[in-house]
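K.L.:
Per the numbering used here, the very first residue in the sequence shown carries number 54; after that it's consecutive.
A virtual CB, placed ideally from N, CA and C, is assigned to each residue, including glycine.
The structure's right below; bear with me while I get my questions together.
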Amino acid sequence: MVKLSIVDDKCIGCGACVAIAPDLFKMNMDTMKSEVLKQPSAEELELAKQAESACPTQAIVITE
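Printed below as a string of structure tokens:
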């Protein structure tokens, strides 16, 4: 099973993940950092990987 998470200390709130996969990530307006909305389905895994690659601080972690 795949687990999607964000390392809070690394997130700078750039919003790339939300732009790429809005069904998986949201911006917390209080902290101005991204949060995982839900774990990706098999069909959404590619989007999660695109968001992981686009993250400038490597804050997104996908473990399989």
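Given a cut-off of 8 Å, decide if Cys70 and Ser87 are closer than it, judged by their beta-carbon atoms.
P.N.:
Residue 87 sits at position 34 when you count from the first residue of the sequence shown. Residue 70 sits at position 17 when you count from the first residue of the sequence shown. Cβ atoms of Ser87 and Cys70: closer than 8 Å.
K.L.:
Where does Leu90 land, buried or exposed, given buried means 16+ other C-beta within 10 angstroms?
P.N.:
By one-based count along the sequence shown, residue 90 stands at place 37. When all chains shown are included, Leu90 counts as exposed.
K.L.:
Cβ of Ala101 within 8 Å of Cβ of Leu77?
P.N.:
Translated into the one-based positions of the sequence shown, residue 101 becomes position 48. Translated into the one-based positions of the sequence shown, residue 77 becomes position 24. Against a cut-off of 8 Å, the Cβ pair of Leu77 and Ala101 comes out as a contact.
K.L.:
Determine the extent of the alpha helix (DSSP H) in which Leu77 is found, giving its start and end residues.
P.N.:
Reading the sequence shown from its first residue, position 24 is the one you call residue 77. Premise fails: Leu77 is in no alpha helix (DSSP H) and is neither H nor E.
K.L.:
Name the residue from Val60, Met82 and Met80 whose alpha carbon lies nearest to the alpha carbon of Thr110.
P.N.:
In the sequence shown, the residue the question calls residue 110 occupies position 57. It is Val60 whose Cα lies nearest to the Cα of Thr110.
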